Amino acid sequence: MNTRAQARSRIMKMLKNQHIRYFVDWEVIDAEGVNSLNLLNPFDAAPEEADSWARQLNLV
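Read in this note's numbering, the sequence shown has 15 at position 15, and its numbers run on one by one without any break.
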């Protein structure tokens, strides 16, 4: 499956054990301390900005 659902799922798995508030929607992921991550392209399973966003939260 090469869709944003794959990217969203990967990020949700990283966030689930964090002690921060976060919100996940179809095309937006918001977490305390960083700007929102927009997943606007439904066919992009690995958006470039997702890795830098995760690094800001020390998820990777």
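In this text, a Cβ means the ideal position worked out from N, Cα and C, and glycines have one as well.
Given the structure is predicted, the values throughout are model-derived calculations rather than measurements.
Residue j beta carbon less than 9 Å from that of residue i
{"i": "Phe43", "j": "Ala31", "result": "no"}
{"i": "Ala54", "j": "Met12", "result": "no"}
{"i": "Glu27", "j": "Arg10", "result": "no"}
{"i": "Leu59", "j": "Gly33", "result": "no"}
One or two residues paired with residue i in a DSSP bridge
{"i": "Asp30", "result": "Phe23"}
Beta-carbon separation (whole angstroms), residue i vs residue j, contact threshold 8 Å
{"i": "Leu40", "j": "Ile29", "result": "Contact flag wrong, Cβ pair sits at about 12 Å."}
{"i": "Gln6", "j": "Ala45", "result": "4 Å"}
Contact with chain B by residue i, beta-carbon distance below 9 Å
{"i": "Trp26", "result": "Among the chains in the structure shown there is no chain B, since it carries only a single protein chain."}
Residue i burial status per 10 Å Cβ neighbour count (16 or more: buried)
{"i": "Arg21", "result": "exposed"}
Checklist line | Ordered list of beta strand (DSSP E) runs contained in the segment 32-56, each at least 3 residues | finding: none
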